[in-house]
Amino acid sequence: MTWLITGGAGYIGAHVVRAMTEAGERAVVYDDLSTGLADRVPDGVPLVVGSTLDGERVTRALTDHEVTGVVHLAAKKQVAESLSLPLHYYRENVEGLRVLLDAVTAAGVRSFVFSSSAAVYGMPDVDLVTEETPCVPMSPYGETKLAGEWLVRAAGRAAGLSTACLRYFNVAGAARPDLTDTGVSNLIPMIFEKLADDLPPRVFGDDYPTPDGTCVRDYIHVVDLAEAHVAAARALRAAPGRDLTLNIGRGEGVSVREMIDRVNALTGHDRPPVVTPRRPGDPPRVVASADRAATELGWKARHGIDDMIASAWAGWQHLHPPTAARP
Ligand code: WQD
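Sequential numbering of the sequence shown, starting at 1, is according to full-length UniProt numbering.
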């Protein structure tokens with residue numbers, strides 16, 4: 001069985017490729033390299049450079065490599081950018097998925113794992129978000145992920161394709177420094193960036209209805225997330241006709257202030273943060289119930305916050321080596 005991993009040259013995709021191949025699965029990467037890096041694709045794993053909007057190219061990749069399962073991660077993922085470029089997000093994330101599913105169902109692929117997001121929930125008003133919590137996305141990005149789930153389930157039912165929609169919570173960390181996230185659009189790299197510039201990290205609002213007034217999130221190590229994909233892919237293969245929707249989180253909330261304190265401690269800094277105004281659209285608390293993934297997949301996260309911070313910090317230093325001391 002060969003798995004086509006779209007977006008396999010991206011930050012999360014590269015970790016999924018690594019986990020799949022380490023688990024003994026055959027993988028082929030399909031990536032347009034718009035943000036992905038060819039260097040992240042391991043030796044021995046074929047890389048097909050193409051867009052999921054290019055149905056002919058997808059079909060050729062599926063047949064050339066005798067693909068029987070797809071893990072679809074290729075997508076645009078910046079919430080703020082999606083607000084200014086909604087049509088671009090719908091084209092890439094929804095139309096790209098529709099074209100992909102057309103090719104996948106025509107080629108007789110049996111299993112499809114879809115990269116969804118906690119962004120489908122919007123502003124959940126519950127302590128722990130379950131898969132039954134209503135989906136009310138607050139951004140075009142979140143809308144495209146929810147619409148993507150609808151497409152995946154509908155196409156799966158019609159074509160006898162087994163499907164899994166994995167709703168990622170806040171992903172962090174790296175398996176190795178060279179696989180780290182190169183973007184600086186999430187909390188941990190944004191803290192690093194400030195510390196590296198000798199500036200205080202920023203807290204976007206401390207008047208939320210949470211214990212310390214700062215937003216609470218469920219951070220998940222990318223290595224654990226990648227292992228959830230392996231477990232989902234295997235569950236689909238073992239039991240055709242499945243239709244899974246699963247939160248992929250740890251079920252543990254960490255506040256922005258707690259995160260900044262841990263980053264300071266683990267990276268040898270001592271920089272108190274500054275509080276700036278709230279970032280529009282931020283929900284106070286988004287923490288997963290991870291029970292269903294445990295029941296359905298036998299999967300559970302193994303890594304904690306310190307592992308995420310330490311591995312992300314090693315990745316940051318790999319990307320930003322200290323400049324040589326001047327004589
Ligand atoms: C976390 C918290 C910020 C930077 C987004 C998407 C979500 C998913 C993950 C893709 C928030 C606060 C941040 C800083 C801060 N993406 N913050 N100071 O917004 O929870 O989730 O990324 O699937 O869909 O919405 O993640 O890392 O941007 O922010 O106080 O310098 O940290 O306000 O409360 P977010 P984030």
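Don't be surprised by glycine CBs; every beta carbon is placed ideally from N, CA and C.
Positions of the beta strand (DSSP E) runs, each at least 3 residues long and wholly inside the region 190-218, are given as 202-204 in order along the chain. The residue among 314, 51, 118, 4 with its C-alpha nearest the C-alpha of residue 21 is 4. Within 10 angstroms of the beta-carbon of residue 56 lie fewer than 16 other beta-carbons, which makes it exposed. Short note on residue 300: C-beta not closer than 8 Å to any heavy atom of the ligand WQD. When the alpha-carbon of residue 131 is set against those of 6, 267, 251, the nearest one is in 251. For the 9 Å CB-CB criterion, residue 41 and residue 50 do not form a contact. Around the beta carbon of residue 104, 16 or more other beta carbons sit within 10 angstroms, so the residue counts as buried. Closest by C-alpha distance to residue 241, out of 222, 162, 303, 211, is 162.
The residue from 172, 189, 203 with its alpha-carbon nearest to that of residue 219 is 172.
The closest CA to that of residue 110, considering only 264, 222, 70, 140, is found on 70. DSSP places residue 31 within a strand segment (E or B) once states are collapsed to three. For the region 130-178, the continuous beta strand (DSSP E) assignments of 3+ residues that do not extend past its boundaries occur at 162-168, 170-172, in sequence order. The criterion of a C-beta distance shorter than 9 Å is not satisfied by residue 263 and residue 216. The Cβ atoms of residue 313 and residue 192 sit closer than 9 Å to each other. Within the region 236-300, complete beta strand (DSSP E) segments of at least 3 residues are found at 243-248, 274-276, given in chain order.
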